[in-house]
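Residue numbers for the sequence shown follow the numbering used here, so the first one is -7 and each next one is one higher. Worksheet for the structure shown next.
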Amino acid sequence: MLYSLLRPLLFSLDPETAHHLTLTSADKFGALLRVDVPTNPVRVMGLDFPNPVGLAAGLDKNAEHIDAMAALGFGFIEVGTVTPRPQPGNPKPRLFRLPEANAIINRFGFNNVGVEAFLENVRRAKWRGILGINIGKNFDTPFEKAADDYVFSLEHVYASASYVTINISSPNTKGLRGLQEKSELDALLGRIAQTRERLSERHGKRVPLALKVAPDLDATQIGDIAAAVRTHGIDAVIATNTSTTRNGVEGLVHGTEAGGLSGAPIKAQATAVLAALSKALAGEVPLIGAGGILTGTDAAEKIAAGASLVQLYTGLIYRGPRLVTECAAVLRGR
Ligand SMILES: Cc1cc2nc3c(=O)[nH]c(=O)nc-3n(C[C@H](O)[C@H](O)[C@H](O)COP(=O)(O)O)c2cc1C
């Protein structure tokens, strides 16, 4: 209700300004708007989620708004993508609304404060729910050294995360998606799995690892990803990140901006990748569905396609926080 009143004002501002204004206001007033989502417990990756509706990565890149986001009733929150060193991301403008299509195009390029400052923010949060930390590579780390960045960040965030997401699917870091290819993925996940073994012993806890993939994958790539996930004991796959396709936004203002497309136009494609992974993994590895969830029914479609949990981003921009409660209610009623 409140969000429907505020939305015209927010949409009259530059999108990145509106984004920061919304989050800083949520930090100040979020606690007043606290919603209690009825519990609908689900156990995934060995973790107990109070409900299956999560915040997708990228909305709180620096882990600065965890308590405000928790007040919206999410069953889990994923922060990041964080890289080893701070980096400014791409020049502005780099975030575009396409309201006619309930879509966004972004080319942020992993703007973030770097893993050290990020962890200070995580430590400041009071919330003690399930926190995913999403890690990526710096834009200027050579492709051949990408695994070093993931290992470095995994070592740093390990003790603070409920689970860690390996993001190899952002379209805004040159070459990143190349890590989804068979031999690169095998080498990367091998290093990461080895590092996790070492860290499990050191910390006395095995932190689950999720792999986040693109919606722009063909059947062979999906098969290769499923095989690598099984081989290296990855605990979940998040399907999907944003898309480089422009189906459904042709002819719209900003429709040809470079970057990743998210929201309603990518729903079918993201759900198709999710369903194909579900078939390939045959229930052995849980899936987290993201991409184009604008209603509770969309969330239920992801579960029907094989997801155990869902994540929201673009839907929150268009529908506001009530989308969290709506998704949780529909999934509870299933
Ligand atoms: C502005 C914006 C920034 C994003 N940044 C990240 C990011 O840093 N890391 C990541 O893994 N995904 C990122 N994403 C992708 C989302 O987490 C999500 O996977 C994708 O947008 C599909 O879901 P949606 O259609 O509900 O938005 C971003 C998405 C948007 C719209």
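We put the beta carbon where it would ideally sit given N, CA and C, even for glycine. All values derive from a computational prediction rather than experimental measurement.
- Look at residue 135 and residue 167 and say whether their C-beta atoms are less than 8 Å apart. yes
- Message: Check whether the segment 83 to 99 and the segment 22 to 40 are in contact - that is, three or more C-beta pairs closer than 8 Å.
- Response: no
- Task: Output the residue ranges of the beta strand (DSSP E) runs that lie fully inside the segment 67 to 155 and measure 3 residues or longer, sorted by chain position.
- Result: 68 to 74, 87 to 90, 95 to 98 and 122 to 127
- Task: Name, in chain order, the residues that DSSP records as bridge partners for residue 35.
- Result: 40
- Message: Measuring only the C-alpha atoms, how far is residue 60 from residue 120?
- Response: 13 Å
- Expressed to the nearest angstrom, what Euclidean distance is found between the alpha-carbon atoms of residue 246 and residue 195? 47 Å
- Task: Go ahead and pull the three-state DSSP assignment for residue 304.
- Result: strand
- Message: Taking a contact to mean a Cβ-Cβ separation below 8 Å, would you say residue 293 touches residue 317 in this structure?
- Response: no
- Task: Give the DSSP-derived three-state secondary structure of residue 168 in the structure shown.
- Result: helix
- List the whole-angstrom C-beta distance separating residue 404 from residue 187, where the pair is believed to meet the contact cut-off of C-beta under 8 Å. Outside the displayed span of the chain (-7 to 326) sits residue 404, for which this structure offers no information.
- Item | Where residue 55 falls: helix, strand or coil (DSSP) | coil
- Query: What's the gap between the Cα of residue 226 and the Cα of residue 1?
  - Reply: 43 Å
- Reduced DSSP category for residue 27 - H, G, I as helix; E, B as strand; rest coil: coil
- Distance, residue 40 Cα to residue 274 Cα: 22 Å
- Query: Do you know how far the Cα of residue 261 is from the Cα of residue 222?
  - Reply: 23 Å
- Item | Local Cβ density within 10 Å of residue 205, reported as buried at 16 or more and exposed below that | buried
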